[in-house]
Amino acid sequence: MSQDRAVVRERAEAVLRRLAGEHARLREDQWRAIEALVVDRRRVLCVQRTGWGKSAVYFVATALLRDQTEPAGPTVIVSPLLALMRNQVESAARAGIRARTINSANLDEWDEITAEIHAGAVDVLLISPERLNNPDFRDGVLPKLAATTGLLVVDEAHCVSDWGHDFRPDYRRLRTFLGNLPERTPVLATTATANARVTQDVAEQLGDALVLRGTLDRESLRLAVLDLPSPAHRLAWLADHLDGLPGSGIIYTLTVAAAGETAEFLRARGWSVAAYTGQAEDADRRAAEQDLLDNKIKALVATSALGMGFDKPDLGFVVHLGAPPSPIAYYQQVGRAGRAVEHAEVLLLPGTEDAAIWRYFASLAFPPEDQVRAVLAALHPDRPISTQALEPIVDLRRARLELMLKVLDVDGAVRRVRGGWVATGERWVYDQARLRRVAAARTAEQQAMREYATTTGCRMRYLRECLDDAGATDCGRCDTCAGPLFTTEVSDTALTAAQTFLGRPGVVVPPKKLWPTGLDAVGVPLKGRIPPAEQALPGRAVGRLSDLGWGGRLRGLVGPDAPDGPVPDDVAAAVVEMLKAWAHGDDPWPRRPAGVVAVGSRARPALVGSLAERIAAVGRLPLLGQVVPTGPSPAGGPRGNSAQRVRALHDAFAVPAALADALAGLGGPVLLVDDLVDSGWTMALVARLLRRAGAPEVLPLALAVAG
6 MSQDRAVVRE
16 RAEAVLRRLA
26 GEHARLREDQ
36 WRAIEALVVD
46 RRRVLCVQRT
56 GWGKSAVYFV
66 ATALLRDQTE
76 PAGPTVIVSP
86 LLALMRNQVE
96 SAARAGIRAR
106 TINSANLDEW
116 DEITAEIHAG
126 AVDVLLISPE
136 RLNNPDFRDG
146 VLPKLAATTG
156 LLVVDEAHCV
166 SDWGHDFRPD
176 YRRLRTFLGN
186 LPERTPVLAT
196 TATANARVTQ
206 DVAEQLGDAL
216 VLRGTLDRES
226 LRLAVLDLPS
236 PAHRLAWLAD
246 HLDGLPGSGI
256 IYTLTVAAAG
266 ETAEFLRARG
276 WSVAAYTGQA
286 EDADRRAAEQ
296 DLLDNKIKAL
306 VATSALGMGF
316 DKPDLGFVVH
326 LGAPPSPIAY
336 YQQVGRAGRA
346 VEHAEVLLLP
356 GTEDAAIWRY
366 FASLAFPPED
376 QVRAVLAALH
386 PDRPISTQAL
396 EPIVDLRRAR
406 LELMLKVLDV
416 DGAVRRVRGG
426 WVATGERWVY
436 DQARLRRVAA
446 ARTAEQQAMR
456 EYATTTGCRM
466 RYLRECLDDA
476 GATDCGRCDT
486 CAGPLFTTEV
496 SDTALTAAQT
506 FLGRPGVVVP
516 PKKLWPTGLD
526 AVGVPLKGRI
536 PPAEQALPGR
546 AVGRLSDLGW
556 GGRLRGLVGP
566 DAPDGPVPDD
576 VAAAVVEMLK
586 AWAHGDDPWP
596 RRPAGVVAVG
606 SRARPALVGS
616 LAERIAAVGR
626 LPLLGQVVPT
636 GPSPAGGPRG
646 NSAQRVRALH
656 DAFAVPAALA
666 DALAGLGGPV
676 LLVDDLVDSG
686 WTMALVARLL
696 RRAGAPEVLP
706 LALAVAG
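Every position in the sequence shown, counted from 1, becomes a number in this note's numbering once 5 is added.
If you want it as structure tokens, here you go:
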């Protein structure tokens, strides 16, 4: 090593001590990365286990690059989650590094931060990948930022690759950013969860990159799987055994509904826990994060919204209620634990419902070619069209439509501008073969996750081999190597409480109040606010299809492959309990129903008809009849988005004369009965018909809510 490199290393060690404490020393691969970035101005890909110190590399490199005779420009860190951004800003401050972030949660600070960047007062700027294609940021800030960037950091770089478990199309825009960087601008990409295929893909996109790949063993983690027979047993196990888990930790669930249910049950059993999902307000997520960091709660019950970017070095355990769809995603989430403690427990409690949830998320993959071509044909080169205005044209839900547009943007076929999207005119090819290979890889990952749960071999070795860690060996710590540490037994008290809790029927069905945008363009004369005199009141359903308690039972009745038949006695009994709670609970209906009306069903007439009959009989209410479907059944089943659903359902039902006569002079609300609330538009449009036919109010009632 030359004297210059020795001096750089000495300075690097000094910065690390400011960052991590007086006893901190650079690992050899940390130094190799810093040397390549600062001295050689190279591009580097670090594939290293969680807790290895990837952030130390870019903060040390930033300090050295900024502390030069001619300081380099600011470091730009592209980071996927707000939680990680907040942690990084705090970490940077410990090393005397001034870090700022531009994201959706601090819109009012953008102008101030932009001015600080231009004035050279910012050492590190953290941005989300989505920000790279915000029109104002892309056109007004990004060009100068790219021209002055001293170091580009791509955190969670597996997101760059569509082979990765958490591919994000916006990350692919980094190729454009890379192309606009000044010559010899160093670039660092980091991840803990990349197998050989993803590593190769990311390295190729970086171009001439030094790849530093280390062992993925985590000596502090003790992996185990507990096979429990039902969701109630899993909740009861947590209630009984949380005190046996060290410190504080994270309980991951696969759905938002499960996170809410689990947190509510554990709080009722005396545990201090908080829920964390992508649907929560940012302020609530921040408060929950801080409570866990401060050890004020035993656990954060979280969805994968917390999967990346949360840094609590002393996290004592990670429990999964339900298995993620790939061992790679699982390795990343469990890697949050045991980073600065000698021992952490990692437990997987798989469920029979996991596969159904995996299938749902897999259904959100890139759409078929005909739907993509329909969108491309609708776009113009000089007249922007909003996402909402595209919905009546293409049969895709909003999230899937936006994902598709992002991919087309990255591929150069469309461009996001103020006001929406425009076509570029560039030729675009639908890569069916690649999409099939990616789908096959996802299926293989799901099978690998099943095998992880049932393997008799070392669990850590299994995960490391899934990540192509060539040095994988038996860990000697997991439940298959060292024997089980936890029993599967649960107390009768906890199990009864869990069964009672999960058996409670009743979720709110909120009414629709606004028509979707753009209906007039497809011949449906509805827009703006739905008149209050045509709206339904808030309704009820027994449960969500994603619920831990009722989800499995309801999927067996209203799922896509469920046979038709009379409503089962146990489900009918749950409806009766729900009606009692609706009448006498905290948020009761405004008036007792005066009659029952069924939504005419082509798919499940026996189920809906018998449900309406049972409700009428138990409530001693007249069964007024049913709103009948008219014309042919809509092709292709339920529509993907609200505009498509309203388009398909508009004028698709009629109120028979006898029902209209029965509604005249009715002295109270109508209970409108259906099997499943998916988009909610069937209930909204049928309620509108009933209100216009004379029903004073409409109370929707269904067995299940999708989602």
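Just so you know, even glycine gets a beta-carbon here, dropped at the ideal spot from N, CA and C.
Predicted, not measured: the structure shown is a model, and the values here were computed from it.
Asked: Status (buried if at least 16 other CB within 10 Å, exposed otherwise) for threonine 501; Found: exposed
Asked: Distance between glutamate 618 and asparagine 138 (C-alpha atoms, nearest Å); Found: 54 angstroms
Asked: Selection from Val602, Glu702, Arg545, Pro610 that minimises the alpha carbon distance to proline 724; Found: Here the chain has residues from 6 to 712 only, and residue 724 is not among them.
Asked: Beta-carbon contacts of leucine 21 that lie in its chain and below 7 angstroms, excluding the five residues immediately before and after; Found: Ala29, Leu31, Ala61, Val65
Asked: Beta-carbon spacing of glutamine 451, tryptophan 363 below 7 angstroms; Found: yes
Asked: Beta-carbon proximity list for alanine 307, same chain, < 8 angstroms, skipping 5 on both sides; Found: Ile255, Ile256, Tyr257, Thr258, Ala264, Ala280, Tyr281, Thr282
Asked: C-beta atoms of glutamate 553 and glutamate 269 nearer than 7 angstroms; Found: First, the amino acid is wrong: residue 553 is leucine here, not glutamate. Contact flag unset, no.
Asked: For histidine 348, the three-state DSSP class (helix, strand or coil); Found: coil
Asked: Cβ-Cβ distance between alanine 499 and aspartate 245 below 7 angstroms; Found: yes
Asked: Rounded separation between valine 129 and proline 79 - CA only; Found: 5 angstroms
Asked: Distance between glycine 614 and leucine 694 (C-alpha atoms, nearest Å); Found: 19 angstroms
Asked: Touch test, the segment 345-363 against the segment 216-231, Cβ-Cβ under 8 angstroms, three pairs minimum; Found: yes
Asked: Same chain, Cβ closer than 7 angstroms to aspartate 474, five either side skipped, listed in chain order; Found: Thr220, Leu221
Asked: Contact set for alanine 698: own chain, Cβ-Cβ below 6 angstroms, skip 5 residues either direction; Found: Val660, Ala665, Leu668
Asked: 8 angstroms contact criterion, which leucine 671 and alanine 692 should meet: CB distance rounded; Found: Not confirmed; about 14 angstroms, so no contact.
Asked: Boundaries of the beta strand (DSSP E) in which aspartate 679 is found, first to last residue; Found: 675-682
Asked: Beta-carbon contacts of valine 216 that lie in its chain and below 6 angstroms, excluding the five residues immediately before and after; Found: Leu50, Ala208
Asked: Counted within 10 angstroms of its Cβ, other Cβ atoms place glutamate 358 as buried (16 or more) or exposed; Found: buried
Asked: Nearest candidate by alpha-carbon position, reference alanine 162, set Asp683, Tyr176, Asp416, Ala151; Found: Tyr176
Asked: Three-state secondary structure (DSSP) of arginine 421; Found: strand
Asked: Under the three-state DSSP convention, the category threonine 67 falls into; Found: helix
Asked: Alpha-carbon spacing of leucine 550 relative to glycine 125, whole angstroms; Found: 52 angstroms
Asked: Proline 2 in three-state terms, based on DSSP; Found: A question about residue 2 goes unanswered here, because the residues of the chain that appear run from 6 up to 712.
Asked: Residues near leucine 616 in its chain [Cβ-Cβ closer than 6 angstroms; skip 5 each side]; Found: Val572, Val678
Asked: Collapsed DSSP secondary structure at glycine 641 in the structure displayed; Found: Below a pLDDT of 50, predicted positions are generally treated as unreliable, and glycine 641, at 47, falls in that range; no measurement from the model is reported.
Asked: Alpha carbon of serine 253 to alpha carbon of valine 158, nearest angstrom; Found: 31 angstroms
Asked: Extent of the continuous beta strand (DSSP E) to which arginine 464 belongs; Found: Per DSSP, arginine 464 belongs to no beta strand (DSSP E); it is in the alpha helix (DSSP H), 464-471.
Asked: Given serine 235 as reference, the closest of Trp57, Glu114, Gly556 once Cα atoms are compared; Found: Gly556
Asked: Own chain, CB closer than 7 angstroms to glycine 212, minus 5 neighbours either side, in chain order; Found: Arg48
Asked: Counted within 10 angstroms of its Cβ, other Cβ atoms place glutamine 295 as buried (16 or more) or exposed; Found: exposed
Asked: Straight-line Cα distance separating isoleucine 333 from methionine 454; Found: 9 angstroms
Asked: 3 or more residues per run - each beta strand (DSSP E) lying fully within the segment 210-241; Found: 214-218, 226-230
Asked: Range of the contiguous beta strand (DSSP E) that encloses valine 3; Found: Here the chain has residues from 6 to 712 only, and residue 3 is not among them.
Asked: 6 angstroms CB neighbourhood of threonine 518 in its chain, flanking five on each side removed; Found: Note that residue 518 is lysine in the sequence shown, not threonine. For lysine 518, where only same-chain residues beyond five positions count, the Cβ hits under 6 angstroms are Ile535.
Asked: Collapsed DSSP secondary structure at leucine 259 in the structure displayed; Found: coil
Asked: Residue ranges of each alpha helix (DSSP H) within the segment 9-83, 4 or longer; Found: 33-43, 59-71
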